[in-house]
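For the sequence shown, the working numbering begins at 3 and goes up steadily by one.
By construction, the Cβ of each residue, glycine as well, lies at the ideal position given by its N, Cα and C atoms.
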Amino acid sequence: MAERRIGYLLKELDRLIEARFDDDLAAGGLSRRHWQLLHSLSEGPRSAEELREALSPFWKTEGEWGIEIDRLASAGLIAADADTLVLTAAGRAAHDETFVRIAERRRTMARGVEPEQFETTLLALRRMIGNLSA
Numbered sequence: 003m004a005e006r007r008i009g010y011l012l013k014e015l016d017r018l019i020e021a022r023f024d025d026d027l028a029a030g031g032l033s034r035r036h037w038q039l040l041h042s043l044s045e046g047p048r049s050a051e052e053l054r055e056a057l058s059p060f061w062k063t064e065g066e067w068g069i070e071i072d073r074l075a076s077a078g079l080i081a082a083d084a085d086t087l088v089l090t091a092a093g094r095a096a097h098d099e100t101f102v103r104i105a106e107r108r109r110t111m112a113r114g115v116e117p118e119q120f121e122t123t124l125l126a127l128r129r130m131i132g133n134l135s136a
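In structure tokens:
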């Protein structure tokens, strides 16, 4: 069989990351969008507009933002104070429990890869992205 090229390897890695991380998130009752919101708020309160702007590349439809915010608020995981979003105690617990699963998955993914190799890989990918973005 012919050696697989970088395009195939990147797509396969992306597919596996998505599938495994979705499993880890679903174990805590979260979607990818929920996780992005909770993790973004884990460092402290943020304005709704700032958060929406930071996560805009991930929204598939215009109305998705409001739907996901409402779901998290209805579940008691976030609260809104004026235009500021904040994790509730339940949201902090959900984040922290999920973060443990995500961190374990990341360790599993990088098993057998030396830290220097990982950093070199990231550098190479960033350069390739930059080369093709120009």
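Report all residues from its chain with a CB closer than 6 Å to the CB of Arg35; omit the five preceding and five following residues, and keep chain order. Taking the sequence shown and counting its residues from 1, one reaches residue 35 at position 33. Within the same chain, Arg35 has close Cβ partners Glu70.
What do you get for Gly132, buried or exposed, if any count of 16 or more other CB atoms within 10 angstroms of its CB means buried? Within the sequence shown, the letter at position 130 stands for residue 132. Classification of Gly132: exposed, given that the 10 Å Cβ count is below 16.
Gly46 beta carbon less than 7 Å from that of Thr100: Walking along the sequence shown from the start, residue 100 turns up at place 98. Walking along the sequence shown from the start, residue 46 turns up at place 44. Their beta carbons are not under 7 Å apart, which means Thr100 does not touch Gly46 by this criterion.
Among Leu87, Ile19, Trp67, which residue has its Cα nearest to the Cα of Ala50? By one-based count along the sequence shown, residue 50 stands at place 48. When each option's Cα is compared against that of Ala50, the closest is Leu87.
Nearest-angstrom beta carbon gap, Ser42 and Leu53 [assumed within contact, 8 Å]: Sequence index remark: in the sequence shown, residue 53 carries index 51 (1-based). Sequence index remark: in the sequence shown, residue 42 carries index 40 (1-based). With a Cβ gap of about 6 Å, Leu53 and Ser42 count as contacting.
Three CB pairs or more closer than 8 Å across the segment 7–27 and the segment 88–107: yes
Quick one: what's Ile80 bridged to in DSSP? As a position in the sequence shown, residue 80 is number 78, starting the count at 1. BP columns for Ile80 point to Leu89.
Where does Ser44 fall in DSSP's three states? In the sequence shown, counting from the first residue as 1, residue 44 sits at position 42. In the structure shown, Ser44 sits in coil (DSSP, three-state: anything other than H, G, I, E or B).
I'd like to confirm the pairing. Which residues does DSSP put opposite Ser135 in its beta bridges? Residue mapping note: residue 135 aligns to position 133 of the sequence shown, counting from 1. According to DSSP, which records beta bridges pairwise, Ser135 is partnered with nothing at all.
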